[in-house]
Amino acid sequence: MQLPKLDLVIFTFGNVSVADRARGVFAIKPSGVPYDTLSPDKMVIVDFKGKVIEGNLRPSSDTLTHAVLYSEWDEIAAIVHTHSTYATAWAQSLRDIPIYGTTHADHTTGPIPCTPPMDDKRIEGNYEFETGYQIVDFFKNNALDYRLLEMILVGSHAPFTWGNSAEKAVYNSAVLEEIARMALLTEQINSDSKSLQQSLIKKHFERKHGPNSYYGQ
Ligand SMILES: [Zn+2]
């Protein structure tokens, strides 16, 4: 319900899920239900293969993407998918979001990657399931760690974010949108903008995440 409040979705766009690892299930937003009418009893409980375990409504159409990420990545507890405007515009442009400033560096040490668009075989197959593997394979092939980088742009589609709680996954979606907006404006003001210098990247990431982090929230 935070997603429309944070201007990350309109109408019934987007979805959030939260896993219960001990029970091997996750709760996900039902498909097509407006955010302001959501309540706990409307959530759909699904296992990590995407099979509905409990609930009367249809789970989000992106449920299988969430199921793949939970089954492949042991340490995530929640996933958010939006079509937030600025992050989606970068995804549609098939561009990584360059690391231009310290706002970005507070959250990760490199560009926010954009996967290639999915190939026809994946699209014509089990599309939502394959979207999950488009993300997982991209992390594997590029030696990325989902525990350090909690966001991705799926090329020609939109962002996915995750985290160790629903709050963190939603926070990551909002942060990603803000970083995407700032990066676009940065390029508009100076089309020759350069990536942030390594020393600032290190300083900002480590003061928030390193063993000697001192950045208070
Ligand atoms: Zn989508």
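If you count by this note's numbering, then the sequence shown holds residues 89 to 305, one letter each, in order.
Think of the CB as a built atom: it goes at the ideal place given N, C-alpha and C, for glycine as much as any other residue.
Everything numeric in this text was worked out from a predicted model, so none of it was measured.
Length-filtered (3 minimum) beta strand (DSSP E) runs lying within the segment 157-188
166-169
Given this structure, state the Cα-to-Cα distance separating Asp184 from Trp178, to the nearest angstrom.
7 Å
Alpha carbon to alpha carbon, how far is Ala107 from Gln305? Give it in angstroms, no decimals.
Because Gln305 sits at a pLDDT of 46, beneath the cut-off of 50, its placement in the model cannot be relied upon, and the point is left open.
Contact belief for Val168 with Thr100 at Cβ below 8 Å, rounded distance in angstroms
Going by Cβ atoms, the distance from Val168 to Thr100 rounds to 15 Å, so no, they are not a contact pair.
Which residues mark the beginning and the end of the beta strand (DSSP E) in which Pro92 is found?
Not the beta strand (DSSP E): Pro92 falls in the alpha helix (DSSP H), residues 90-93.
May I ask whether a heavy atom of ligand 1 can be found less than 7 Å away from the beta carbon of His195?
no
What do you get for Lys282, buried or exposed, if any count of 16 or more other CB atoms within 10 angstroms of its CB means buried?
exposed
Quick check: is any heavy atom of ligand 1 less than 7 Å from the C-beta of His169?
yes
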